[in-house]
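Notes follow the structure.
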Amino acid sequence: MSSPLLSIRDLCIDFVGGAAPIQALRNVSVDIEPGRAVGLVGESGSGKSTVALAALGLPDKEAHIRAGTILFKGQDIYAMSEDERRKLRASVISIVFQDPFTSLNPSLLVGQQIREPLVVNRGFSAADADAECLRLLREVGIADPEKMMRSYPHQLSGGMKQRALIAAALASDPELLILDEPTTALDVTVESQILDLLAQLRVTRKLSMLFISHNLGVIARICDEVCVLYAGEVLEHGPTGEVLADPRHPYTKGLLAALPQLGERRKRLVPIPGRLPHPSARPKGCVFSDRCAFVQGPQCTMTQTMEMQAPDHAALCWRAKDLAGLSWPEVESVAAPTPAGAITAARSDPAAAVAGGRPMVTVECLERAFDTGGWRLRLPRLLGGRPRGTAEQARVFNAVDGVSLTVGAGEVVGLVGESGCGKTTLGRCLIDLIHPTAGQIRIDGRNLVTADARIRRSILKDAQMVFQNPDSSLNPRKTVREILARPMQLFGVTTTAAEAQRQVLALLDLVRLGPHYADRYPHQMSGGEKQRIGIARALATKPRFIVCDEAVSALDVSVQASILNLLSDLRDQLGVSYLFISHDLAVVSHIADRICVMYKGKIVEEGSAAAVVDHPRHPYTQKLLSSVPSVDRFARKPL
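Right, dumping it as structure tokens:
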């Protein structure tokens with residue numbers, strides 16, 4: 359066995375910004391050998407990104423390394439000066455951050471952002487940097503690198519942005535690439551392409567990787583080894599196939615049990631009960647004991663030690679060997695309880711929602727066109743002029759092109775397709791954020807397109823949306839309490855401040871967040887926590903129809919399971935209808951009654967969830983299904 363390229367040993371990190379130090383990481387150990395990929399999985403707030411930034415030599419300004427070492431090629435990076443660490447990042451360690459939409463500088467051309475490390479860190483001349491930039495873009499699969507260099511980030515799709523980020527990370531010719539949720543924001547086909555690209559780069563560049571993800575299917579596909587992190591501690595580590603096929607720690611078992619599977623429809627998922635403890639209030643002994651379905655005896659309150667299960671496979675649980683072969687119990691008591699007051703107040707007669715004869719939503723021949731030309735081409739239209747020729751007409755792009763669909767009361771319609779196919783545009787038309795170019799939209803029989811302000815207001819109280827990106831949909835200047843109370847006040851859901859505050863706390867509990875989150879600002883929460891606030895805000899008006907635009911894509915699998923159960927409860931008990939937009943076909947097939955497949959603005963296939971998933975007819979649907987990463991693919995071929 360070769361010496362590790364990166365060796366993290368017994369790392370303990372405290373955050374010291376508050377009244378008392380908070381332990382973020384406790385005795386974390388991870389080894390990455392040359393040419394190997396190690397996955398780091400765990401819930402939001404478990405410390406994954408803290409490990410990544412510490413390995414990069416960029417800990418949070420409030421982070422204090424209390425104990426442990428991080429060695430790169432045998433050298434302690436925290437024994438180096440800041441200049442030496444900066445040179446390390448400029449040459450042998452690079453990172454690809456989570457969100458390609460915010461990681462690139464919007465005011466600079468893509469070429470400028472890739473050239474910068476080549477010129478500043480590697481001493482390339484301008485001409486050589488341009489040539490190397492083109493080569494890097496070709497290496498990451500960009501068909502027209504010259505055009506890409508002249509493009510701004512907003513002109514690129516999510517997949518193209520992610521490829522540009524990878525090219526920029528490769529510009530320093532690194533030996534270790536840290537990837538922090540690099541495919542979370544991507545649809546399945548683009549995700550598959552990026553994973554294929556990363557696998558290829560491992561071979562051609564002999565790259566080592568630290569791959570952070572909450573998607574166990576992605577980890578199964580790309581990583582040789584996996585470390586399961588919870589509340590700042592590594593609970594299990596070992597070869598990926600072995601850990602996922604035969605997990606020994608209860609937490610790993612719980613994560614796998616919470617995953618929706620393509621073949622299982624309308625089956626209640628089994629989330630891990632409770633929530634990640636606050637770092638200042640962790641249980642004594644085993645940090646997972648307060649949520650564990652296998653807790654037994656006083657040994658669980660004692661400090662745990664790593665128990666070897668097989669060569670290179672260990673679990674931090676005294677019962678690990680006894681639990682071999684056991685699955686997380688599929689009992690209702692494991693599921694998170696749903697606060698009755700937060701649900702039953704939504705509608706006085708739940709049966710009426712389902713029994714009504716007319717659909718909740720009817721869309722007829724809907725179109726939405728965008729003018730992709732510059733202002734010189736748009737100005738004549740704004741002044742009432744007509745297009746002057748085919749060249750100008752070609753600038754009009756139909757994002758939604760003649761779409762017709764219905765959503766029944768209490769029905770979930772899944773909408774799947776690649777980024778840019780028109781899913782989000784269609785969803786935004788349904789809640790009046792975008793006005794359609796042509797066609798009709800009826801919500802519970804009321805025409806949204808022709809409605810006056812009074813009727814539109816009543817429609818929008820019943821029709822809400824969970825947005826894809828919580829960073830852009832949550833007001834950064836407002837606390838969670840204010841964010842959740844605002845729609846209640848606007849639509850008259852609550853009449854007093856005290857009632858609004860009670861509802862705020864009920865909504866937080868509904869999405870499995872503690873009451874202390876009420877006074878936090880969005881920047882003080884993880885991505886998954888912010889998405890849960892977005893879901894809570896959509897539920898604040900007690901709607902009858904919800905557009906879920908990638909509502910659970912940023913969530914951990916256990917929280918995702920509880921949210922999917924919650925959405926199912928609202929559907930079953932109250933007849934709430936959903937248009938469920940997602941790139942995760944396993945999630946869509948689990949919750950949806952019907953699935954619509956969208957491609958280039960059109961619905962190309964529609965049918966029951968069982969028919970579309972089990973017997974896809976359209977080649978595009980077949981392509982989407984073949985790209986879905988799955989934890990069942992344990993036997994990954996060695997690279």
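Just so you know, we're using the working numbering here: the sequence shown kicks off at 359 and counts up by one. Even glycine gets a Cβ: it sits at the ideal position worked out from N, Cα and C. Here the structure is a predicted model, which means the values were calculated and not measured.
- Task: Count the CB pairs spanning the stretch 553 to 562 and the stretch 361 to 374 that are closer than 8 Å, and state whether there are at least three.
- Result: With a cut-off of 8 Å, the stretch 361 to 374 and the stretch 553 to 562 do not count as touching, because too few Cβ pairs lie within range.
- Residue burial classification, Val396 (beta-carbon count within 10 angstroms, cutoff 16): Taking all protein chains shown into account, Val396 has 16 or more neighbouring C-beta atoms within 10 Å of its C-beta and is therefore buried.
- State the beta-bridge partners of Asn756 as determined by DSSP. Per DSSP, Ala727.
- Throw me the rounded Cβ distance for the Val934 and Pro901 pair, which I believe falls under 8 Å. The pair is a contact, with the Cβ atoms about 7 Å apart (cut-off 8 Å).
- Message: Let's test the definition: count the other Cβ atoms within 10 Å of the Cβ of Pro464 and tell me whether it reaches 16, buried, or not, exposed.
- Response: Around the beta carbon of Pro464, fewer than 16 other beta carbons sit within 10 angstroms, so the residue counts as exposed.
- Item | Touching by the beta-carbon criterion (3+ pairs, under 8 Å), the stretch 379 to 387 and the stretch 451 to 471 | No, the stretch 379 to 387 does not touch the stretch 451 to 471.
- Message: Rounded to the nearest angstrom, what separates Arg814 and Ile792 at their Cα positions?
- Response: Ile792 has its alpha-carbon roughly 13 Å from the corresponding atom of Arg814.
- Item | Start and end residues, alpha helix (DSSP H) containing Met846 | Residues 838 to 848.
- Closest to Gly965 by CA distance: which of Gln657, Arg493, Leu763, Glu887 is it? The alpha carbon of Gly965 has as its nearest neighbour, out of Gln657, Arg493, Leu763, Glu887, the alpha carbon of Leu763.
- Task: Thinking Ala565 and Leu523 are a contact (beta carbons under 8 Å), I'd like their distance in whole angstroms, please.
- Result: Before going on, a small fix: residue 565 reads as Leu here, not Ala. Cβ atoms of Leu565 and Leu523 stay farther apart than 8 Å, at about 15 Å.
- How about Arg447 and Leu492: do their beta carbons lie closer than 8 Å? No, the Cβ-Cβ distance between Arg447 and Leu492 is not below 8 Å.
- Message: Please state whether the Cβ-Cβ distance between Ala410 and Leu568 is less than 8 Å.
- Response: Yes. Within cutoff.
- Just curious, the beta strand (DSSP E) that Phe373 is in, first and last residue? Annotation for Phe373: the continuous beta strand (DSSP E) segment containing it runs 364 to 373.
- Among the residues of its own chain, which have a CB less than 6 Å from the CB of Asp914, if the five just before and after it don't count? Glu401, Ser402, His572, Gly886.
- Within its chain, find whatever has a CB closer than 8 Å to the CB of Pro697; leave out the 5 residues flanking it on each side and keep chain order. With a pLDDT of 46 at Pro697, under the threshold of 50, the modelled position of that residue is not reliable, and the figure given next carries that caveat. So the list reads Ala864, Asp867, Leu868, once near-sequence residues are dropped.
- Message: Can you find the residues in the same chain that come closer than 8 Å, C-beta to C-beta, to Thr837, ignoring five residues on each side of it along the sequence?
- Response: Excluding residues within five positions, the ones whose Cβ falls inside 8 Å are Ala876, Asp877, Arg878, Tyr879.
- Check whether the Cβ atoms of Phe849 and Thr899 sit closer than 8 Å, and answer yes or no. Against a cut-off of 8 Å, the Cβ pair of Thr899 and Phe849 comes out as a contact.
- Alpha-carbon to alpha-carbon, Gly469 and Arg508: Whole-angstrom Cα-Cα distance: 6 Å.
- Message: Could you check whether the stretch 415 to 426 touches the stretch 544 to 554, counting it as contact only if at least three pairs of C-beta atoms, one from each stretch, sit closer than 8 Å?
- Response: Three or more beta-carbon pairs separated by less than 8 Å are not found between the stretch 415 to 426 and the stretch 544 to 554, which leaves the two stretches without contact.
- Message: For Leu476, which residues in the same chain have their Cβ closer than 8 Å to its Cβ, ignoring the five residues on either side in sequence?
- Response: Within the same chain, and ignoring the five residues on either side of Leu476 in sequence, the residues whose Cβ sits closer than 8 Å to its Cβ are Phe482, Asp486, Ala487, Glu490, Cys491, Ala529.
- Item | Neighbourhood of Asp648 by C-beta, 8 Å cutoff - its chain only, sequence neighbours within 5 removed | Gly632, Pro635, Pro641.
- Query: Going along the chain, which unbroken runs of the alpha helix (DSSP H) with 4 or more residues stay wholly within the stretch 457 to 536?
  - Reply: Complete alpha helix (DSSP H) runs here, min 4: 458 to 461, 468 to 478, 484 to 497, 503 to 507, 516 to 528.
- Task: Enumerate in chain order the residues of its own chain whose CB-to-CB distance from Ala589 is below 7 Å, with the five nearest sequence positions on each side excluded.
- Result: Once the five neighbours on either side are set aside, the close Cβ partners of Ala589 are Ser404, Leu634, Pro635, Arg640, Val645.
- Message: Starting from Thr541, trace the alpha helix (DSSP H) in both directions and tell me its first and last residue.
- Response: Here Thr541 belongs to no alpha helix (DSSP H), and DSSP marks it neither H nor E.
- Just the Cα atoms here: how many angstroms apart are Ala919 and Pro629? One Cα belongs to Ala919, the other to Pro629, and the distance between them is close to 5 Å.
- Start and end residues, beta strand (DSSP E) containing His595: Element bounds for His595: 591 to 597.
- Task: Return helix, strand or coil for Cys319, following the three-state DSSP convention.
- Result: The structure shown has nothing for residue 319, since the chain only spans 359 to 997.
- Query: Would the beta-carbon of Asp545 be found less than 7 Å away from any heavy atom of the ligand MN?
  - Reply: The model depicted lacks the ligand MN and carries no ligand whatsoever.
- Task: Take Lys637 and list the residues in its own chain whose beta-carbon comes closer than 8 Å to its own, dropping the five residues that flank it on each side.
- Result: The sequence given here has Pro at residue 637, not Lys. Apart from the 5 residues on each side of it in sequence, Pro637 sits with its Cβ closer than 8 Å to the Cβ of Phe373, Ile380, Gln381, Ala382, Ala589, Gly590 in its chain, given in chain order.
- Length of the line joining the Cα atoms of Lys406 and Ile939: Each residue's alpha carbon lies about 28 Å from the other.
- Message: Cutting at 7 Å between CB atoms, please list the residues of its own chain near Val653, excluding the five before and the five after it.
- Response: For Val653, where only same-chain residues beyond five positions count, the Cβ hits under 7 Å are Ser647.
- Task: Just grab the DSSP bridge partners of Cys954 for me.
- Result: Under DSSP, Cys954 shares a beta bridge with Leu773, Glu964.
- Query: Can you tell me the Cα-Cα spacing of Gln471 and Val478, whole angstroms?
  - Reply: Distance between the alpha carbons of Gln471 and Val478 is about 11 Å.
- Item | Leu617 versus Ala484: straight-line alpha-carbon distance, rounded | Leu617 and Ala484: Cα-Cα distance of roughly 49 Å.
- What separation, rounded to the nearest whole angstrom, lies between the Cα atoms of Asp829 and Gln657? For Asp829 and Gln657, the distance between alpha carbons rounds to 42 Å.
- Message: By DSSP's criteria, Val905 is part of a beta bridge. Which residues make up the other side?
- Response: Looking at the DSSP output, Val905 bridges to Met823, Leu937.
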